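Following numbering that gives the first Met the number 0, the numbering of the sequence shown begins with 0 at its first residue and continues without gaps.
For each residue, glycine too, the CB sits at the ideal point set by N, CA and C.
Fair warning: this is a prediction, and the values are worked out from it, not measured in the lab.
Here the structure comes first, spelled out in structure tokens, and everything after it is commentary.
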Amino acid sequence: MLKEFLHQGEIRIIADIKYAKSLIRSIWRFWLKNLRTACQQSTGTVGLKISKVVMVGDLYVGKTSLINRFCKDNFDRDYKATIGVDFEIERFEIIGIPYNLQIWDTAGQEKFKCIASAYYRGAEVIITVFDLADIQTLDHTKQWLEDALKENEPDSSFIFLVGTKKDLVSDAVCERTELDAIRFANEMQAEYWSVSAKTGENVKEFFSRVAALAFEQSMIKELEKTAGHMTQIGAGDLIKLEKKTMEISEGNAQVSLNCC
Ligand SMILES: Nc1nc2c(ncn2[C@@H]2O[C@H](COP(=O)(O)OP(=O)(O)OP(=O)(O)O)[C@@H](O)[C@H]2O)c(=O)[nH]1
């Protein structure tokens, strides 16, 4: 009798789990359908989504190298200063929706600042970059961020603080610098990452996080526009990205330079 009762209990639990699983599946399917419909309504088809990412920071900190490691999987040890601005486009496909990250690389040299700042507007993501091997560059990140924020609506951009050239510093130095960096990141309301363009450490992971957050944000905006209400999708960790291709067929267009 007891055995039978327990057996029935087991069946009940299994049935409940199955029910819960099917409920989660239905909610997920419903959400995906909503997302696709939102895209279709706003573009007429499942449209291409683009997010603008702007990289700022002192000269020589490694902005271009970081982008090149991610977009072209290469690293150049020779320094070629960015003149004005440059950009790369990285393509993804997420839940069947074509998605591009437009990554703007701005010059760190003071004399090009006035050109570069013209491209800060409309940044969904602002990446402030410093060199882990040159602590002074960390001190300047707040000013870079302030300049970039001036050109954007309040609270409209995700902010990242990125320490580069991790391969150049010992673990002890890195840890010490990171204590300051994390304090800065908190003050800047930024997410902190440390990377190496030379070894590739953390580069893919970092840009995947950038893309996931930016994609999520653009979908929320889309849903808000169509459904007229806020939908919480997650915190950038629900969507796992697979890069469609490592090749870049667009971008790399050096923008013309008439500095003031
Ligand atoms: N060892 C090492 N060197 C790096 C790394 N990233 C960049 N560099 C070197 O640092 C120098 C400057 O890198 P860039 O990427 O050109 O710097 P940038 O911030 O784009 O400079 P501007 O265009 O002047 O603003 C180059 O000689 C790179 O090879 C890294 O992760 N490790």
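Cα-Cα separation between residue i and residue j, rounded to whole angstroms
i	j	result
residue 197	residue 20	44 Å
residue 54	residue 104	5 Å
residue 122	residue 183	21 Å
residue 189	residue 158	5 Å
residue 61	residue 161	10 Å
residue 79	residue 52	21 Å
residue 64	residue 107	13 Å
residue 140	residue 128	7 Å
residue 210	residue 154	18 Å
residue 67	residue 77	13 Å
residue 152	residue 221	18 Å
residue 87	residue 207	15 Å
residue 138	residue 223	38 Å
Under the three-state DSSP convention, the category residue i falls into
i	result
residue 72	coil
residue 193	strand
residue 66	helix
residue 185	helix
residue 81	coil
residue 131	coil
residue 198	coil
residue 100	strand
residue 88	strand
residue 112	helix
residue 21	helix
residue 160	strand
residue 94	coil
residue 207	helix
residue 50	strand
residue 60	coil
residue 124	strand
residue 216	helix
residue 172	helix
Any non-hydrogen atom of ligand 1 closer than 8 Å to residue i Cβ
i	result
residue 147	no
residue 166	yes
residue 196	yes
residue 60	yes
residue 79	yes
residue 106	yes
residue 193	no
residue 74	yes
residue 163	yes
residue 116	no
residue 284	Limits of the chain in this structure are 0 at one end and 259 at the other, which puts residue 284 out of reach.
residue 127	no
residue 179	no
residue 170	no
residue 133	no
residue 64	yes
Assigned exposure category for residue i - 16 Cβ within 10 Å defines buried
i	result
residue 73	exposed
residue 93	buried
residue 171	exposed
residue 50	buried
residue 165	buried
residue 265	The displayed coordinates of the chain run from 0 to 259. Any statement about residue 265 would go beyond what the structure contains.
residue 144	buried
residue 75	exposed
residue 48	buried
residue 23	exposed
residue 101	buried
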